[in-house]
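2 protein chains.
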Amino acid sequence: MNDSTARLIYLPLGGAGEVGMNAYVYGYGPPGAERLVLVDLGVTFPNMDTTPGVDLIFPDLAWLIERKDRLEAIVITHGHEDHIGALAHFWGQLEAPIYARRFTAALALRKMEEQGQPIHDLHVTHPWPEEREAGPFRIAFVPVSHSIPESSAIVLDTPAGRVVHTGDFKLDGSPVVGEPFDPDLWGKIAAGGVKVLTCDSTNIGVAHPGRSESTVGPKITELVAGHTTGMVVATTFASNVARVKTLAEAGLAAGRSVCLLGRAMQRMVQVSKETGVVDDFPATVPAEEATQIPRENLMLIVTGSQGERRAASAQLARGKYLGLEMKEGDLFLFSSKTIPGNERGVLEIVNQLSAKGVDVVDDSMSDYHVSGHANRPDLEMLHELMRPEMVVPMHGEHRMLRAHAKAAEARGIPAAIATNGTMLDLTGKKPVVAERIEAGRTYLDGSVKIGALDGVVRDRIRMALNGHAMLNLILDEADAPLGEPWAETMGLPEKGRSRAPLVEVIEAEVSRALSAAEQAVLADDDKLEDMLRRIMRQVSVEEIGRKPEVTVVISRLG
Amino acid sequence: MNDSTARLIYLPLGGAGEVGMNAYVYGYGPPGAERLVLVDLGVTFPNMDTTPGVDLIFPDLAWLIERKDRLEAIVITHGHEDHIGALAHFWGQLEAPIYARRFTAALALRKMEEQGQPIHDLHVTHPWPEEREAGPFRIAFVPVSHSIPESSAIVLDTPAGRVVHTGDFKLDGSPVVGEPFDPDLWGKIAAGGVKVLTCDSTNIGVAHPGRSESTVGPKITELVAGHTTGMVVATTFASNVARVKTLAEAGLAAGRSVCLLGRAMQRMVQVSKETGVVDDFPATVPAEEATQIPRENLMLIVTGSQGERRAASAQLARGKYLGLEMKEGDLFLFSSKTIPGNERGVLEIVNQLSAKGVDVVDDSMSDYHVSGHANRPDLEMLHELMRPEMVVPMHGEHRMLRAHAKAAEARGIPAAIATNGTMLDLTGKKPVVAERIEAGRTYLDGSVKIGALDGVVRDRIRMALNGHAMLNLILDEADAPLGEPWAETMGLPEKGRSRAPLVEVIEAEVSRALSAAEQAVLADDDKLEDMLRRIMRQVSVEEIGRKPEVTVVISRLG
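Quick mapping for you: the protein sequence lines, in order, are chains A and B.
According to the working numbering, the first sequence is numbered sequentially starting from 703.
According to the working numbering, the second sequence is numbered sequentially starting from 703.
Okay, here's the thing in structure tokens:
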């Protein structure tokens, strides 16, 4: 296989040029016939600005699906949605063996069950030195710290050399849950030479070394112990099981019963226990029991740290949730940071809690949260430890990939910025762009997968910005109007400049135009529709100062 | 007038419980017959999440318009949109004399001209000790520092005592443009006793004292001087004329010609010169000339610091703007902070610039921007200096008002949280809630003013989230369908589960139901429409997994 025409390629289909939606293809073999491995298969989340009504956003996997006969394995680094979330939705179209560690595999299994996906070919893989063969690749999982249990870097051994794909990671000597960072182990991995270090870029912009998960415990314990009136409620990402454990222990230490609220929170803790990731999680009480406990003796750990409207945090901020209600004297702790774009939702919760007289503590002082990603000095330390022939920055917006590439180059390590769809040839001494692939996005829209460029979401955005005006016109066999034209609107002011209903002004103008129209126009659907659209837009601009989206239906009878 | 039944009231109609849309009513007189003064009349800006398609958001002024015969004056503290932006849209319904300082009045005049509003009753008022009489009030403007020229606190003298309404302010001993903070002047104002300090709350959450505008000059100068390759582009709020001047001076000091880009940037600098606010603004070159200048000798100062899609920053990030284009070796400086909610737009610009190879410097190190608002220690210092009988926190989200009230109470000064619509009686020794007024929002939607609760925007949001399905049905005089039912959709996937076009599946189901329907249903528009809506929703859920908004049009001929 190690013939002179074979090459080692890297092709990000998601995650490179953005935070989220990770999906990275590696290939080895003759050009156009490489055997492939996919590392991670994540989603990103829609927003009202660009993707209203969309349920989930997937990478466009058309390139890979066309080549699925060459796909040897799908490897999942960890169980965050932006690494695992698309697996259940696409496995049926990819049909390759899935490798993941125990906790991640348990989450994948649940998701595939939820999707009604047949479950086979999911292989729990133990950490290094266990290896899996996948065509020309040997694959091993190296434990790293992150903000979810059992995160892993992937070692991909190929005839062209060793690739170390970090996944999301930080360097943590005491991560509360999971293995501490082990420089000796990493030294061993680097010993035989690393060809490529494909490396997490999300925190390259943070100048100070990352702090350990264990540093927040004492601060949280102190805060909870110091709050002696009312209830304590804390929120964090449910998947950050180490943090949830720290919060629960702080509650118990302060003599409070602990109750987990929110489906994701309960599931994550349960999977952690089932898979043995955590064997000493503190005892908790169910919500029904919590309502019977004096609030001074109660601590809730809840979902919704990003302000999600339906999560427990938002519901507690608005009113009651499962019979529990916050009030003056209570404390609410955000043991989390707000992801850019979620500020409005989070601040709405803070203000609602403020109106209830609840004291809110957030992470603005960096006391109650640490990031799960390696900062610049940590990344540089890993570059140093691995001494790879080249660095490929992955997972991050363009500004992050660029800063990461610069950091590597500053230490004399060749690097390349490859955003989604940019295939790199890694065979030589430095990364070289081999090809550009069309790499867009696929939306899960209700139960249907649609392309990002299909125009469906564009039309929804236009209706949101412009409103929608509709006109029905019935013509007889002589192309003469039958009855009056009928206008309807949705999302438009009822009345405008002339103080008459907009629909009536439209109908009157349309009637006037019809009676003056030439037979050639009335007989031609396209011409007639053009004329009617023009009138509707014109009337709308005059009356209400905006051009709505327009639907015209012409019915011809006889 | 100082009879025993008279009271002094405060009623925020906007700005209290939010950042933006400032509008505060003061009144003095017998209950229900108080003579009124309005301080500020601002807007807030729409967003896609809650107000898609809306142009501007105004306070609901119904309460005040009903009582306009009692309105003695409209006082504008400064020219930011959230203090002045609604003036031109509502002056015609309020018709009271407007008082403002020179620069603010010049901006107001331009806005009223743009709105085609007749211009009279706008009175340029000089700063303290000049006073204006307005019924039982005497009104004076006290210069404060902020991020726009000629910001003012308002002293309202009433028979019940002196009210000091700070407006937006900071304490700045060397503000670059305008008067430095003068503790002696403030001491004089406080000397006779201050009954009420109504005080800016936006930065109560910032623990350190605010920094002077003058501190950013050296840092900016150093940055610009240090960039020797390519062009330098800087953005800030156009109204921050002091900052624009600092940036321009840094450009000139580095031997660069300076070009102002963006309509707002040019207008603000022009008005500053015209009103004499700045008499030494550096010379600039027009855009046409700038294209002829070598990029190493050019600095652009541009609008769009908040990522606004149509502003100069966003256009430069996407491509060319007025013949100017950024490229590798150029520097882009955000001399601004990102307002919560605008993160996505700003980061999009940063990433687009990164893709062009442009180095982006933002304010994450606090070197290149200072806030225009007083921080907690500054607010406490003002409390100390004024020693008011009571503090009324204004301008801020609930969490800010609450923290500010707590800070005052901690120093033994009574305070009250009054959000929009909460009328306080300030006559006694502490603020007391007198009444709750319906205080909502009014939208400028195209050219029409609509109420926030009218349902128009709600329908647009629903169309954005759910899509829109329409059905036309024509019935003859015997209530029998004429021709086939006709379905249209907008913003829905074309095909779903059955792989047939959704509109065809809807039409087939509707036809089936019509042929099975009882005559009593066919003859009754309401029953028929109910049936058709139910079918359309049901088919949509089965086919595409979502319930669209539905419009049904039944035409009866004959």
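Glycine included, C-beta positions come from ideal geometry on N, C-alpha and C.
Residue i vs residue j beta-carbon contact at 8 Å
i: proline 1195 of chain A; j: valine 1150 of chain B; result: yes
i: threonine 977 of chain B; j: glycine 1025 of chain B; result: no
i: methionine 1233 of chain B; j: alanine 1210 of chain B; result: no
i: alanine 1284 of chain B; j: methionine 970 of chain B; result: Nothing about residue 1284 of chain B can be reported from this structure: the residues present for chain B run from 703 to 1260 only.
i: alanine 1105 of chain B; j: glutamate 1111 of chain B; result: no
i: threonine 746 of chain A; j: isoleucine 759 of chain A; result: yes
i: proline 851 of chain A; j: proline 1079 of chain A; result: no
i: alanine 892 of chain B; j: arginine 1162 of chain B; result: no
i: leucine 1081 of chain B; j: isoleucine 922 of chain B; result: no
i: histidine 1085 of chain B; j: arginine 1113 of chain B; result: yes
i: isoleucine 1003 of chain A; j: valine 946 of chain A; result: yes
i: methionine 1192 of chain B; j: leucine 713 of chain B; result: no
i: isoleucine 722 of chain B; j: aspartate 784 of chain B; result: The sequence given here places glycine at residue 722 of chain B; isoleucine does not occur at that position. Cβ distance < 8 Å, so glycine 722 of chain B and aspartate 784 of chain B count as in contact.
Straight-line Cα distance separating residue j from residue i
i: arginine 840 of chain A; j: histidine 822 of chain A; result: 21 Å
i: tyrosine 801 of chain A; j: valine 777 of chain A; result: 5 Å
i: glutamine 1221 of chain A; j: leucine 963 of chain B; result: 52 Å
i: serine 1242 of chain B; j: valine 878 of chain A; result: 48 Å
i: arginine 769 of chain A; j: tryptophan 1188 of chain B; result: 41 Å
i: leucine 1128 of chain A; j: serine 959 of chain B; result: 45 Å
i: aspartate 830 of chain A; j: asparagine 1044 of chain A; result: First, the amino acid is wrong: residue 830 of chain A is tryptophan here, not aspartate. Rounded to whole angstroms, tryptophan 830 of chain A to asparagine 1044 of chain A spans 37 Å at the Cα level.
i: valine 1252 of chain B; j: aspartate 757 of chain B; result: 26 Å
i: proline 761 of chain A; j: arginine 1143 of chain A; result: 5 Å
i: lysine 1132 of chain A; j: valine 1093 of chain A; result: 9 Å
i: glycine 731 of chain A; j: arginine 1011 of chain B; result: 45 Å
i: valine 934 of chain A; j: proline 845 of chain A; result: 34 Å
i: serine 916 of chain B; j: phenylalanine 871 of chain B; result: 16 Å
i: leucine 1087 of chain B; j: glycine 889 of chain B; result: 7 Å
i: alanine 718 of chain B; j: glutamate 1050 of chain B; result: 31 Å
i: glutamate 998 of chain A; j: threonine 1121 of chain B; result: 30 Å
i: threonine 937 of chain B; j: aspartate 1061 of chain B; result: 14 Å
Contact set for residue i: own chain, Cβ-Cβ below 6 Å, skip 5 residues either direction
i: arginine 864 of chain B; result: Val896, Lys897
i: arginine 1239 of chain B; result: Lys1249
i: glycine 818 of chain B; result: none
i: leucine 1018 of chain A; result: Met1028
i: arginine 862 of chain A; result: Here the sequence assigns alanine to residue 862 of chain A, which means arginine is not the residue at that position. Result list for alanine 862 of chain A: Leu710, Thr1129, in chain order.
i: glycine 1009 of chain A; result: Asn1044, Gly1047, Val1048, Ile1051
Other residues of its chain near residue i: CB distance less than 8 Å, five sequence neighbours each side excluded
i: leucine 811 of chain A; result: Ile821, Leu824
i: aspartate 1065 of chain A; result: Phe1036, Ser1037, Ser1038, Lys1039, His1071
i: alanine 1107 of chain A; result: Val1093, Pro1095, Ala1117, Ala1118, Ile1119
Extent of the continuous alpha helix (DSSP H) run through residue i
i: threonine 860 of chain B; result: Unbroken run through threonine 860 of chain B is the beta strand (DSSP E), 854 to 860; no alpha helix (DSSP H).
i: glutamate 1111 of chain B; result: 1100 to 1112
i: proline 1079 of chain B; result: 1078 to 1088
i: threonine 707 of chain A; result: Unbroken run through threonine 707 of chain A: none, as it is neither H nor E.
Enclosing beta strand (DSSP E) for residue i [first to last residue]
i: serine 1068 of chain A; result: Run containing serine 1068 of chain A: none; DSSP gives neither H nor E here.
i: glutamate 774 of chain A; result: 773 to 777
Residues near residue i by beta carbon distance below 7 Å, same chain, minus five either side
i: lysine 1197 of chain B; result: Pro1203, Leu1204
i: aspartate 1227 of chain A; result: Ile1256
i: leucine 954 of chain B; result: Val960, Pro984
i: isoleucine 1115 of chain A; result: His1085, Pro1090, Met1092, Val1093
i: leucine 1230 of chain B; result: Val1223, Leu1224, Ile1256
Any non-hydrogen atom of the ligand GTP closer than 7 Å to residue i Cβ
i: alanine 1117 of chain A; result: The model depicted lacks the ligand GTP and carries no ligand whatsoever.
Practice task
Taking a Cβ distance cut-off of 9 Å, strictly less, list which residues of the segment 983 to 1013 of chain A are near chain B, in chain order.
Solution key: Of all residues in the segment 983 to 1013 of chain A, none has a Cβ within less than 9 Å of some Cβ in chain B.
Problem - Selection of the segment 1063 to 1094 of chain A by Cβ proximity to chain B, strictly under 7 Å - result: Residues of the segment 1063 to 1094 of chain A with a C-beta less than 7 Å from any C-beta of chain B: none at all.
Handout entry: Residues in the segment 1043 to 1056 of chain A having any Cβ partner in chain B nearer than 7 Å
Key = Listed by position, the residues of the segment 1043 to 1056 of chain A near chain B (Cβ gap below 7 Å) are Gly1043, Glu1045, Arg1046, Leu1049, Val1052, Asn1053, Ser1056.
Exercise for the section: Residues of the segment 1163 to 1191 of chain A with a CB closer than 7 Å to any CB of chain B: list them in chain order, please. Expected result: Flagged, chain order: Ile1163, Met1165, Ala1166, Leu1167, Asn1168, Gly1169, His1170, Met1172, Asn1174, Ile1176, Leu1184, Gly1185, Trp1188, Glu1190.
Handout entry: Near-chain B residues of the segment 758 to 773 of chain A - C-beta to any C-beta below 9 Å
Key = For the segment 758 to 773 of chain A, which is checked against every Cβ of chain B, not one residue is closer than 9 Å.
Practice task
Scan the segment 1133 to 1163 of chain A for residues whose Cβ lies nearer than 7 Å to a Cβ of chain B and list them as they occur along the chain.
Solution key: The segment 1133 to 1163 of chain A vs chain B, Cβ under 7 Å: Asp1147, Gly1148, Ser1149, Val1150, Ile1152, Val1158, Asp1161, Arg1162, Ile1163.
Practice task
Select from the segment 832 to 852 of chain B all residues with a C-beta closer than 7 Å to any C-beta belonging to chain A, and list them in chain order.
Solution key: Taking a C-beta cut-off of 7 Å against chain A, none of the residues of the segment 832 to 852 of chain B qualify.
Exercise for the section: Quick one: which residues of the segment 1218 to 1247 of chain B get their C-beta closer than 7 Å to a C-beta of chain A? List them in chain order. Expected result: Flagged, chain order: Ile1246, Gly1247.
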